[in-house]
Amino acid sequence: MAEADITDIKSIGVLGAGQMGAGIAQVFSLAGYDVKLTDISEETLAESLKTIEHHMKRQVAKGRVNPDDVSSALARIETGTSYSLFRDCDVVIEAATENEELKREIFKELCPALKADAILCSNTSSISITRLASVTDRPAKFMGMHFMNPVPVMQLVELIRGIATEESTFDTIRTLTQALGKTTASAEDFPAFIVNRVLLPMINEAVYTLYEGVGSVDAIDTAMRLGANHPMGPLELADFIGLDTCLAIMSVLYEGLADTKYRPCPLLVKYVEAGWVGQKAGRGFYDYSGDTPVPTR
Ligand SMILES: NC(=O)c1ccc[n+]([C@@H]2O[C@H](COP(=O)([O-])OP(=O)(O)OC[C@H]3O[C@@H](n4cnc5c(N)ncnc54)[C@H](O)[C@@H]3O)[C@@H](O)[C@H]2O)c1
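The sequence shown begins at 10 in this note's numbering and counts up one residue at a time.
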C-alpha cells in the first residue's frame, strides 16, 4: 500500500452540516485542518456550530481532547452558504441528504467552484460512487469516504473507489483518513458497500418484527442488546441514523440489487412519511421529548 504525501493538504471543505457534516468538521478541525462548512441556511450552520462545540466539550470532559485545543479548533471552522467558500480547499467532502438526485445537482453546481486539482469525496451511505462521479468534472479525483456515526467516536472509515478513481486519489484519502487516527476498510462500488449492506437489512428486519407484532420496540431492542450483545438495539440505532436515511439506503439496495429481500418495511415508509425520522426530529421509534426516550409502540 502506497503512503501518499499529504503535507499539501491544509484545507478541507464539508458540504452539508447535519449530523455527519458536523462530525466530519469536528474531527478535521481538531486534527489541525482549516475547515469550510456549508449548508443551505445560516440557521442550520449556527445550530451545527453549537453542536460541534457541545460535542468537543463532551470530549474534553471524557479526557479525550485537551481543553486548550477547543477554541483553536472552533476558530479553524468557517461557515457559509455559498460554494465559493470551497475555492481554496484541497479536499471537499459532500455530506448532504441521502438522495441521488439532490447529490447530482449539488456536484454539477459545486465543481466550477473548486480548484482544478481538489479531490472530491462523498460520504454517501449507499449510492453508486461511479454514477455520482459521472456528473462531476473529475471522476479520477472522486471517491467514497464513508464516515460512521458519531464521527468523532467511530473508528472506521469505509473507502470506495468508483470505476474511474485514480490510485493516487485513493492513496491520498487513505493516508489522510489514517492521519485522523481512523482505520480504513476498502469496499467495492456495490449498493450500500459493506457496512450498510449488512447492517441495514438487519434494521429493516427489526422494523418488520415490530410491524408484524412479534415484539414491542422495547422487547426487540432489549432482545438484540442482551441476546446478541449489540451495544444498541436496532430500532434505537435506526432512530440514531435517521429513518429517512435508513429508508433511502434500503431503497438503493432494493433497486440496485433487484432482490425482494431488501424491500423496505411499510412501517419504516410510514414513519418517514409522518416526519417521524428519529432522534433528529424528536420522534421515531422512540419519543425524545422528555428526559429519557420513551418507546412509541
Ligand atoms: N446518519 C448516519 O448514521 C450516516 C452515517 C454515515 C453516512 N451518512 C450519510 O451522510 C450524509 C448526510 O447524512 P446526515 O445523517 O448528516 O443527514 P442530516 O439530515 O443530518 O443532514 C443533511 C444535511 O444536508 C443539508 N443539505 C441538503 N441539501 C443541501 C444542499 N443542496 N447544500 C448543502 N447542504 C444541503 C441539510 O440541510 C442537512 O443539514 C448522507 O449521505 C448519509 O447517507 C449518514
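Idealized CB from N, CA, C, for every residue including glycine.
Remember, predicted model here, so these are calculated numbers, not experimental data.
Taken atom to atom, the span from the alpha-carbon of residue 58 to that of residue 190 is near 23 Å. Here the alpha carbon of residue 103 sits roughly 35 Å from the alpha carbon of residue 227. The alpha carbon of residue 164 has as its nearest neighbour, out of 176, 171, 194, 178, the alpha carbon of 194. It is roughly 44 Å from the alpha-carbon of residue 151 to the alpha-carbon of residue 222.
In terms of side-chain proximity, the C-beta atom of residue 253 is found nearer than 8 Å to a non-hydrogen atom of ligand 1. Looking at the DSSP output, residue 128 shares a beta bridge with 100. The residue from 50, 188, 114, 64 with its alpha-carbon nearest to that of residue 19 is 188. Taking the Cα of residue 51 as reference, the smallest distance to any Cα among 89, 122, 41 is reached at 89. When rounded, the separation of the alpha-carbon atoms in residue 249 and residue 284 is 15 Å.
At the C-beta level, residue 254 and residue 109 stay beyond 9 Å of one another. Between residue 200 and residue 261, the gap from beta carbon to beta carbon is short of 9 Å. Short note on residue 48: C-beta closer than 8 Å to some heavy atom of ligand 1. Distance from the Cα of residue 281 is smallest, within the candidate group 272, 257, 297, for 257. The C-beta distance from residue 252 to residue 215 rounds to 12 Å, too long to fall under 8 Å, and the pair is not in contact. Leaving aside the five residues that flank residue 122 on each side, the residues in its chain whose CB is nearer than 7 Å to its CB run, in chain order, 92, 93, 95, 96. Taking 8 Å as the upper bound for CB-CB distance, residue 37 and residue 21 are in contact here, some 5 Å apart. The Cβ-Cβ distance between residue 134 and residue 205 falls below 9 Å. Within the same chain, Cβ atoms closer than 6 Å to the Cβ of residue 119 are found at 92, the five residues on either side in sequence being excluded. Judged by DSSP in its simplified three-state form, residue 93 adopts helix. Going by DSSP, residue 22 is part of the beta strand (DSSP E) stretching over 20-24.
In this model, residue 270 and residue 299 are separated by some 36 Å (Cα to Cα). Of all alpha-carbon atoms in 13, 294, 160, 291, the one lying nearest the alpha-carbon of residue 32 is that of 160. Here the C-alpha atom of residue 183 lies approximately 13 Å from the C-alpha atom of residue 129. Shortest Cα-Cα distance from residue 138 to any of 112, 158, 157, 124 involves 112. Taking C-beta atoms as the reference points, residue 85 and residue 41 count as a pair closer than 9 Å. Excluding five sequence positions before and after residue 115, the CB atoms of its chain that fall closer than 8 Å to its own CB belong to 24, 103, 105, given in chain order.
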